[in-house]
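Participant: A single structure is presented below for examination.
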């Protein structure tokens, strides 16, 4: 990886700026499901500024509202590890920072490698990859696809993985996967990468809206939709019937329970919906329950089992694969420690032959994760068979390089970087609590003299507790 | 649970005060191990103040230095859920707050039920139990042992557990376990609860210090010691030999690798130390690696496998038991979401017949966890066979009601509450960065004109990365 500066004083990371950005999505019940009745899609957003000017690195952790300030505080705690690092050196080896952050013995105690601190590491590490790809003038998917396999292997932390995947095996997967990459890159530019849409299926939508959006999904060229389930079985039966009627018998319709169930309940509930021919059941139970997912998978066959958006690190993905617990691996771009850890997850999935159908939606998750799937297609697994990237049509307007969907496919991004950068106007408007939207909202709430809190504010004691 | 106030206006939680408290333990290499070369034992400390005056509830999350501010920020994010709650109602049902916090849909995204946010919930929930026990005038172990089994069951969240333990089974375990409780409480008051000591075995200690402290442990009546291993095999062989010679052939000597190894390495390294007859190997690999622990256990038999101090919730403990992955369950008082979740863990261990030997040490972990083991003995499993609570002789002087060890046993606490309260002088001295110790330390560092950071400060770029 060559740098773009050559002066005697190497350019360094000058600043790590953070922003608590929250969108009031709960007001339209966008994103509502059985566990998340009223999310305010949010980003703990980070910008790496350099002394060389020009390029910045952008990244974020995605949250759904309250606690986004804690997520920002966790990124702030990493600032001292990043500021001052030589830019060219850092971009030539993002793994050096990744290893330093996950290996810091004191910070490690706060996970290890899970939760708030791990997502903060992911935000910062992804920002480095954004910067590195920009400095090479390539979209990240191509930056990765063009990289030397041995260098990619050096970016992975194999600690706790070697009983399932060794560095030599990873290298062989990448070397084999790279054959024919140019042809597949050309094919990708022609056809894009298949997408599925969750937009029809939010739990808070009316049946009429569900039907309309499901029909629209078919008309727009998607080959799969997804419905949220798990709050009420009678409702689910009615909604599944409506959706199946809207899309017809040969269209893939996935279900998503968002961790609502215990193991036995997951099996029983999924079986009760089997007449509607669901393609997969997603997050049937706790994302920590590897053995539980394996039991569910045995119990709901031939319905497939999918999970991953809340799987907190490569060690859990390794076990889900070792235990035969999942049919579909739902990688998330911003839950684990960034591109480095997701390389490990893609390699594990390739080794075990399990298709990756990434989680996306939220704030900017589509923008990020498309790069990882496109790399996987071009330079690792070489196929899009049974692979689709989730697509949700919310909040893309806030990004400088938003995803483009055409005929049910993600168009490959052309702009250099990781597509992570948000528009400055959106940042200024939705920064919580002092951005223009939230300030006006608070003023209005004060004017109407209500004592209730705003959507993104702290809850009162009548917080709804899902049971 | 009766309250102590009866006025027309019920007493409420008035304030949630938080403190970032850090002790400079790294300067003596107390607590050093293969993954944690230089911990600064710290507490994200919380005090619940009430409008009734008198009793306060104290709790904390334990960390090892950097990031303790993030942990405090996470507790701060919970303030709005707690302030204003009626004290009597809250103390009569701590589970109501526990459920509200782990069930809050927006905060849940930050885990779910793991890492910084989960430990913050643990700190607050434990503070409620401290307050509840104080208001009843009982040490927590007795408060729990005296409680109605059905009420204890109501304090557990069985979501994701019922494939391993149902509420009915839990109730039966508690009903059966409660028979003869008075006799066992009397026995506990006479003999205390068995302890083992880790003090000889820190990795940074010289062989001479190791030998001296190991001999001292035997002389003081402990029946087990523990050595840190995993940094260098030759060193480990030498240290194990010295320790075994010091304690003699019939004394239990446990080993602790602090997650240093992959699965295959854990098996090989443990076998290489088998000649010294280790009793258990603790944290041989990632705490997330359930299947890995099971493989290690098969590979190192008859050496036992122990883990738990970094196991982040009841769902992982459930699987460790289901998979037959551990011989010894090392419950931690402050890693999971407080007493409520630890009740679930104790019940799971009882169901599977696996002994609980709690993790302790750090800041105040001995003070807290003794209550849980004593409850387990008096009113759940009824035995201390093969059960020992870890003991480390650091930092107890900062607590108002420090643990008392006599003849290798924990003396049962008599003071009401959870033994969580720190002395005000200690708080004032060690609050970071403005407490008197840290302020003086910073002033001295400035005076010596070094550009390095203080022990608890952010690291430079030469942060040591354990590999």
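Chains as they are written, first to last, in this note's numbering: chain A, 1 to 467; chain B, 1001 to 1467. Beta carbons: idealized from backbone N, C-alpha and C, even for Gly. Here the structure is a predicted model, which is why all the values come from computation and not from measurement.
If you drop the 5 nearest sequence neighbours on each side, which residues of the same chain put their C-beta closer than 7 Å to that of residue 119 of chain A?
Facilitator: Counted from its first residue, the first chain places residue 119 of chain A at position 119. Cβ within range, chain order: 61, 71, 334, 335.
Participant: Exposed or buried, what is residue 1019 of chain B when buried is set at 16 or more other beta-carbons lying within 10 Å of its beta-carbon?
Facilitator: Residue 1019 of chain B sits at position 19 when you count from the first residue of the second chain. Classification for residue 1019 of chain B: buried.
Participant: Who are residue 390 of chain A's beta bridge partners in DSSP?
Facilitator: Within the first chain, residue 390 of chain A is the residue found at index 390, counting from 1. The partner list for residue 390 of chain A (beta bridge, DSSP) reads A/196.
Participant: Taking Cβ-Cβ distances shorter than 9 Å, what residues in chain B pair up with residue 160 of chain A?
Facilitator: Position 160 of the first chain, counting from 1, holds the residue named residue 160 of chain A. What residue 160 of chain A touches in chain B: 1259, 1261, 1262, 1263, 1285, 1286, 1288, 1289, 1292.
Participant: I need the boundaries of the alpha helix (DSSP H) containing residue 1117 of chain B, first residue and last residue.
Facilitator: For the purposes of this step, residue 1117 of chain B is taken as the residue at position 117 of the second chain. Counting along the chain, the alpha helix (DSSP H) containing residue 1117 of chain B begins and ends at 1115 to 1136.
Participant: Going along chain A in order, which residues have a C-beta closer than 7 Å to the C-beta of residue 1312 of chain B?
Facilitator: For this step, residue 1312 of chain B is matched to residue 312 along the second chain. By Cβ distance, chain A contributes 114.
Participant: Can you find a CB in chain A that lies within less than 9 Å of the CB of residue 1361 of chain B?
Facilitator: Numbered from 1 along the second chain, position 361 holds the residue referred to as residue 1361 of chain B. So, not an interface residue.
Participant: Just how far apart, CA to CA, sit residue 350 of chain A and residue 381 of chain A?
Facilitator: Indexing the first chain from 1 puts residue 350 of chain A at position 350. Indexing the first chain from 1 puts residue 381 of chain A at position 381. If you take the alpha carbons of residue 350 of chain A and residue 381 of chain A, they lie about 6 Å apart.
Participant: Reducing DSSP to helix, strand and coil, say where residue 1086 of chain B ends up.
Facilitator: Along the second chain, read from residue 1 onward, the residue named residue 1086 of chain B stands at position 86. Strand at residue 1086 of chain B.
Participant: What separation, rounded to the nearest whole angstrom, lies between the Cα atoms of residue 1125 of chain B and residue 1418 of chain B?
Facilitator: Within the second chain, numbered from 1, the residue matching residue 1125 of chain B stands at position 125. Within the second chain, numbered from 1, the residue matching residue 1418 of chain B stands at position 418. The straight-line gap from Cα to Cα measures roughly 12 Å.
Participant: Between B/1279, B/1267, B/1184, B/1223, which has its C-alpha nearest residue 1240 of chain B's C-alpha?
Facilitator: Numbered from 1 along the second chain, position 240 holds the residue referred to as residue 1240 of chain B. With distances taken between Cα atoms, residue 1240 of chain B lies closest to B/1279.
Participant: Do the region 280 to 298 of chain A and the region 1177 to 1197 of chain B touch if we need at least three Cβ pairs shorter than 8 Å?
Facilitator: No: the two stretches stay apart, fewer than three of their Cβ pairs being nearer than 8 Å.
Participant: Within the same chain, show all residues whose beta-carbon is closer than 8 Å to that of residue 1195 of chain B, passing over the 5 residues directly before and after it, in chain order.
Facilitator: Residue 1195 of chain B sits at position 195 when you count from the first residue of the second chain. Here the set comprises 1222, 1388, 1389, 1390, 1391, 1405, 1408, 1409, 1410.
Participant: Does residue 422 of chain A come out as helix, strand or coil in the three-state DSSP assignment?
Facilitator: Here the question's residue 422 of chain A lines up with position 422 in the first chain. It is a strand residue.
Participant: Between residue 414 of chain A and the rest of its own chain, which residues show a CB-CB distance below 7 Å, the 5 nearest in sequence each way excluded?
Facilitator: For the purposes of this step, residue 414 of chain A is taken as residue 414 along the first chain, with counting starting at 1. 139.
Participant: For the region 147 to 224 of chain A, list the alpha helix (DSSP H) runs that are entirely contained and at least 4 residues long, ordered along the chain.
Facilitator: Whole alpha helix (DSSP H) segments, 4+ residues: 149 to 154, 167 to 178, 181 to 191, 207 to 219.
Participant: Less than 9 Å between CB atoms is the rule here; does residue 446 of chain A satisfy it with respect to chain B?
Facilitator: As a working mapping, residue 446 of chain A is identified with position 446 in the first chain. No, because no Cβ of chain B sits closer than 9 Å to the Cβ of residue 446 of chain A.
Participant: Contact criterion: CB-CB distance below 9 Å. Does residue 63 of chain A meet it with respect to chain B?
Facilitator: Reading the first chain from its first residue, position 63 is the one you call residue 63 of chain A. Interface residue, yes.
Participant: So which residues of chain A does residue 1037 of chain B contact, with C-beta pairs closer than 8 Å?
Facilitator: Position 37 of the second chain, counted from the first residue, corresponds to residue 1037 of chain B. Neighbours of residue 1037 of chain B on chain A, chain order: 105.
Participant: Quick one: any contact between the region 1008 to 1017 of chain B and the region 1044 to 1054 of chain B, if contact means 3 or more CB pairs under 8 Å?
Facilitator: The region 1008 to 1017 of chain B vs the region 1044 to 1054 of chain B: in contact.
Participant: Within 10 angstroms of its Cβ, does residue 233 of chain A collect 16 or more other Cβ (buried), or is it exposed?
Facilitator: Taking the first chain and counting its residues from 1, the one referred to as residue 233 of chain A is at position 233. Exposed, by the Cβ-count rule.
Participant: Would residue 117 of chain A count as contacting chain B if we go by Cβ distances under 9 Å?
Facilitator: For this step, residue 117 of chain A is matched to residue 117 along the first chain. With 9 Å as the cut-off, residue 117 of chain A counts as an interface residue toward chain B.
Participant: Residue 1070 of chain B CB to nearest chain A CB: under 9 Å?
Facilitator: Here the question's residue 1070 of chain B lines up with position 70 in the second chain. Judged by the 9 Å Cβ criterion, residue 1070 of chain B is in contact with chain A.
Participant: Is there a Cβ of chain A sitting closer than 9 Å to that of residue 1330 of chain B, yes or no?
Facilitator: As a first step, residue 1330 of chain B is located in the second chain; it is residue number 330 there, counting from the start. No, no contact with chain A.
Participant: Since residue 1063 of chain B contacts residue 1044 of chain B with CB under 8 Å, what's their CB separation in whole angstroms?
Facilitator: Your numbering for residue 1063 of chain B matches position 63 in the second chain. Your numbering for residue 1044 of chain B matches position 44 in the second chain. Right, their Cβ atoms sit about 6 Å apart.
Participant: Confirm, please, whether the CB-CB distance from residue 1102 of chain B to residue 1468 of chain B is below 9 Å.
Facilitator: Nothing about residue 1468 of chain B can be reported from this structure: the residues present for chain B run from 1001 to 1467 only.
Participant: Quick check on residue 108 of chain A - is its C-beta less than 9 Å from some C-beta in chain B?
Facilitator: Walking along the first chain from the start, residue 108 of chain A turns up at place 108. Residue 108 of chain A counts as touching chain B.
Participant: My assumption, with CB atoms under 8 Å, is that residue 129 of chain A sits in contact with residue 339 of chain A. Please give the rounded CB distance.
Facilitator: Start at 1 with the first residue of the first chain, and residue 129 of chain A comes out as number 129. Start at 1 with the first residue of the first chain, and residue 339 of chain A comes out as number 339. Yes, they are in contact, since the Cβ atoms of residue 129 of chain A and residue 339 of chain A sit about 5 Å apart, within 8 Å.
Participant: Which residues in the same chain have their Cβ closer than 6 Å to the Cβ of residue 1306 of chain B, if we skip the five residues on either side of it in sequence?
Facilitator: In the second chain, residue 1306 of chain B corresponds to position 306, counting from 1. Answer for residue 1306 of chain B: 1280, 1282, 1328, 1330, listed in chain order.
Participant: Whole angstroms is fine: what's the gap from residue 345 of chain A's alpha carbon to residue 317 of chain A's?
Facilitator: By one-based count along the first chain, residue 345 of chain A stands at place 345. By one-based count along the first chain, residue 317 of chain A stands at place 317. Using only the alpha carbons, I get a separation of about 7 Å.
Participant: Spatial neighbours of residue 363 of chain A within its chain, please: C-beta separation below 8 Å, excluding the five flanking residues on both sides.
Facilitator: Here residue 363 of chain A refers to the residue found at position 363 of the first chain. 21, 23, 41, 42, 43, 60, 62, 395, 398, listed in sequence order.
Participant: Please report whether the beta-carbon of residue 1319 of chain B lies at a distance below 9 Å from any beta-carbon of chain A.
Facilitator: For this step, residue 1319 of chain B is matched to residue 319 along the second chain. With 9 Å as the cut-off, residue 1319 of chain B counts as an interface residue toward chain A.
Participant: Taking DSSP as the reference, what is the three-state secondary structure of residue 1452 of chain B?
Facilitator: Within the second chain, the letter at position 452 stands for residue 1452 of chain B. At residue 1452 of chain B the pLDDT is 47, less than 50, meaning the model places this residue with poor confidence; the figure from the coordinates comes in the next sentence. Residue 1452 of chain B: coil per DSSP, three-state reduction.
Participant: How about residue 262 of chain A and residue 1163 of chain B: do their beta carbons lie closer than 9 Å?
Facilitator: Against the first chain, residue 262 of chain A aligns to sequence position 262. Against the second chain, residue 1163 of chain B aligns to sequence position 163. Contact flag set, yes.
Participant: Does the region 1077 to 1093 of chain B come close enough to the region 81 to 92 of chain A to have 3 or more Cβ pairs within less than 8 Å?
Facilitator: No, the region 1077 to 1093 of chain B is not in contact with the region 81 to 92 of chain A.
Participant: For residue 270 of chain A, which three-state DSSP category applies?
Facilitator: Against the first chain, residue 270 of chain A aligns to sequence position 270. Reduced to three states, the DSSP call for residue 270 of chain A is helix.
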